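First the structure, in the form of structure tokens, and then the observations on it.
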Amino acid sequence: MSALRCEPEDEPAYLWTGEFADPVLEDNYLRASWDEIHSRLGVVLIAVYVFTSWMVFDFIALGFSWSSFALSAGRLVALGAILLALKFFRTPDDRRSFMFCAILTQALVAIISPLSLMLGEVDFAAALLSIVVILFAFYIGVPTRLTANLALSSALCIGFVAVTPSLGEVSALTMLEVCVLFAVVNAIGVEMVRAANRLRRNGFTTLLRQQELYDELKREVGVRQEAEQAVRATEESFQSIFYAAPLPISLIDPATFRVMQANMAALQLFDVEDEDVTGLDVRQLFQENDLPARLDRLVLKGRAGSPVELGMKRMDGEPIHVLVSAATVHFQGRRAVLLGLQDVTARRREAEALRDARDQATAASRSKSEFLANMSHELRTPLNAIIGFSEALERELFGPVGNPRYREYAEDIHNSGVHLLSLINDILDLSKIEAGHFKLHEDETDLDHVVESAVRIVRHRAQQANIDLACSLPDPPLVVVADERALKQVLINLVSNAVKFSPDGGEISISGELASEHLRISVTDRGCGISEEDIPRALTPFTQLDGSLSRQHEGTGLGLPLAKHLTELHGGVLTIESELGQGTTVHIELPLSRVVNRDKPKGVVAY
């Protein structure tokens with residue numbers, strides 16, 4: 002009935018014929034009343050049968066003549082038209098064809114009736130009565146529109162008036178009376194049809210409103226039923242989820258703080274039986290005195306609070322720690338508090354153990370760093386004396402030492418002392434960095450000068466192994482903001498490592514490149530290389546990849562870790578690219594903000 006919709010608060014507008022002014026509403030009415038319209042035309046069929054059978058009297062009056070045949074043919078066509086409408090045009094979609102057949106029947110009746118009366122020389126009074134009967138049949142029986150009915154009825158009246166002279170002597174006064182009679186009959190017919198049209202359509206609108214009210218009521222009932230089903234399904238789902246939840250959950254009455262329901266996990270956590278949990282006061286479980294105040298604030302806010310860790314004592318007396326989450330819900334028509342509980346006792350113990358272990362590790366690391374720093378200071382004083390005395394003996398500053406072997410021993414003592422002092426300095430620097438006490442003394446420095454100084458220190462050892470050191474730096478020289486000693490120490494460690502692990506006759510390259518986001522300094526050798534899984538170990542302090550006592554290369558494993566830490570103190574990154582048997586490249590990437598002259602280099606200086 003949605004297509005037949007009529008707003009109940011708006012009275013529909015009508016035409017003078019009693020039909021709806023809205024064509025859509027009129028179409029809906031005709032479709033809804035189609036069975037009645039079809040039935041009314043079926044009643045008219047009886048009158049058409051009588052009209053058709055009148056051709057017998059035509060043959061009696063006129064004999065077998067062209068006039069009688071013409072009148073009979075017209076009567077049969079009228080009958081055929083109405084039968085066609087009733088038999089073949091049965092649906093509202095055939096309405097136009099149906100109405101056309103009905104109007105065609107009316108038109109034939111309106112034409113044939115006056116001619117039949119005229120040719121049959123019927124008495125005037127009988128003829129007039131016949132016309133009046135036909136007029137009432139038109140208005141009352143035929144379900145065509147009022148305008149078509151009025152037009153055809155008027156045509157019938159005009160036709161009768163036109164043939165009246167052939168029915169005998171009729172005075173002018175009688176003709177006037179006939180015209181008045183026809184006017185009255187048509188007026189009565191029009192008003193009857195208008196009233197009937199209005200009455201039928203009022204009934205239709207009333208039916209529409211009732212149908213709409215029924216549909217609305219049905220929809221509301223359906224919505225309510227769906228809502229009730231949804232509530233039942235929700236309650237069932239809640240109950241099933243509530244009891245099957247792996248975490249402890251309980252419903253608390255905020256007025257009395259007593260348990261209304263609890264799932265199996267909560268029963269196990271509380272250490273109570275199912276029959277004993279209902280009515281249990283949760284205040285006797287929790288050790289926190291402010292639990293009631295927390296729940297009161299939660300009820301007033303009407304929304305979930307942040308989880309809080311509380312101490313709780315189980316019914317068997319065992320103290321535990323639980324993480325409590327609470328939210329207000331409606332349960333069985335009243336407000337309740339849904340408590341979600343999570344036993345965090347084990348996690349808390351683990352966290353405390355981890356915190357203690359971290360504190361112990363931090364203290365041990367601090368003690369180690371302080372010990373190394375103190376030991377380094379204590380060792381440097383005698384080492385400086387050993388280095389100085391051995392250098393004096395080697396140079397024979399206080400006179401000849403006699404046997405040349407003494408000078409060789411003095412040189413070995415001096416070299417060993419310098420090497421040991423270098424290791425102690427590395428340990429001291431690393432200890433300061435780990436303890437957070439290492440301070441950079443930054444200033445503008447020439448990158449070429451730093452590289453040359455580092456290469457100069459390592460060059461003697463490289464020459465002993467017949468290793469070529471090649472440098473390639475940007476031109477013009479770059480000026481960087483850095484701790485010159487720390488940056489030089491980084492390069493010394495990297496180049497020393499490259500010399501240490503390069504074969505005799507090898508080549509080491511030191512290059513600099515100014516990129517869009519950083520300054521990259523690279524040290525490349527063609528030595529034994531490092532496997533990918535060993536690179537993290539190579540950057541760990543005091544770690545040697547070859548840890549045996551008979552290892553080929555000396556060292557403490559501090560070179561790369563110290564270089565990495567010093568680079569990171571400058572805000573940079575140290576990365577290693579290496580492959581076993583192919584060599585190693587170590588990259589130092591310093592932030593571009595540390596480069597003072599950032600203009601694009603014009604070339605490269607190699608030496």
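For what it's worth, the numbering used here labels the leading residue of the sequence shown as 2, then goes sequentially.
Backbone N, C-alpha and C define an ideal beta-carbon position, used for all residues, glycine too.
The model shown is predicted, which means the values in this text are computed figures rather than measured ones.
Query: Under the three-state DSSP convention, the category I468 falls into; Result: coil
Query: Every unbroken alpha helix (DSSP H) inside the region 110 to 194 [4 residues or more]; Result: 125 to 141, 147 to 164
Query: Where P562 falls, given that 16 or more other Cβ within 10 Å makes a residue buried; Result: buried
Query: Beta-carbon proximity of G528 to I522, cut-off 7 Å; Result: no
Query: Distance between R356 and F279 (C-alpha atoms, nearest Å); Result: Rather than Phe, the amino acid found at residue 279 in this sequence is Thr. When rounded, the distance between both Cα atoms is 40 Å.
Query: Bridge partner(s) assigned by DSSP for A1; Result: One cannot answer for residue 1 here, as it falls past the ends of the chain, which runs 2 to 608.
Query: Residue environment, R350, which counts as buried when at least 16 other CB atoms sit within 10 Å; Result: exposed
Query: Spatial neighbours of P24 in its chain, beta-carbon cut-off 7 Å, leaving aside the 5 residues before and after; Result: none
Query: First through last residue of the beta strand (DSSP E) which encompasses D36; Result: Careful: D36 lies outside any beta strand (DSSP E), inside the alpha helix (DSSP H) at 35 to 54.
Query: DSSP-derived helix/strand/coil call for T18; Result: coil
Query: Enclosing beta strand (DSSP E) for R259 [first to last residue]; Result: 259 to 263
Query: Burial state of F65, where buried means 16 or more other Cβ atoms lie within 10 Å; Result: exposed
Query: Close-in-space but distant-in-sequence residues of the same chain around I493 (CB under 7 Å, 5 per side omitted); Result: A455, I458, V459
Query: I531, DSSP secondary structure in three states; Result: coil
Query: K219, buried or exposed, once every other Cβ within 10 Å from all chains shown has been counted against 16; Result: exposed
Query: First through last residue of the alpha helix (DSSP H) which encompasses T568; Result: 560 to 570
Query: Best match in P308, P537, V162 for proximity to V181 [C-alpha to C-alpha]; Result: V162
Query: Nearest residue (CA-CA) to V194, options L540, L31, Q230, P144; Result: P144
Query: Buried or exposed (CB count within 10 angstroms, at least 16 for buried), R595; Result: buried
Query: Euclidean distance between Cα positions of D360 and S532; Result: 35 Å
Query: Segment contact, 8 Å Cβ cut-off, at least three pairs: the region 264 to 271 with the region 244 to 252; Result: yes
Query: Integer Cβ distance of R96 from L31, believed to fall under 8 Å; Result: 6 Å
Query: One or two residues paired with L591 in a DSSP bridge; Result: L520
Query: DSSP three-state assignment for I438, whether helix, strand or coil; Result: What sits at residue 438 in the sequence shown is His, not Ile. In this structure, H438 counts as coil in the three-state DSSP scheme.
Query: For N598, the three-state DSSP class (helix, strand or coil); Result: coil
Query: Cβ-Cβ separation, A126 to L42 (assumed contact under 8 Å), whole Å; Result: That belief does not hold up - the Cβ atoms of L42 and A126 are roughly 31 Å apart, past 8 Å.
Query: C-alpha gap between L570 and L470, whole angstroms; Result: 27 Å
Query: C-alpha gap between L196 and T18, whole angstroms; Result: Leu is not the amino acid found at residue 196; the sequence shown has Ala there. So the alpha carbons of these two residues sit roughly 9 Å apart.
Query: For L342, the nearest candidate out of I321, L136, I511 (CA to CA); Result: I321
Query: G160 to I112 span [Cα, whole Å]; Result: 7 Å
Query: Pick from E310, E395, H331 that is closest to V345, judged by C-alpha positions; Result: E310
Query: Reference S73; option with closest CA among L87, E578, F52; Result: F52
Query: CA nearest to the CA of S40, picked from E435, R91, D28; Result: R91
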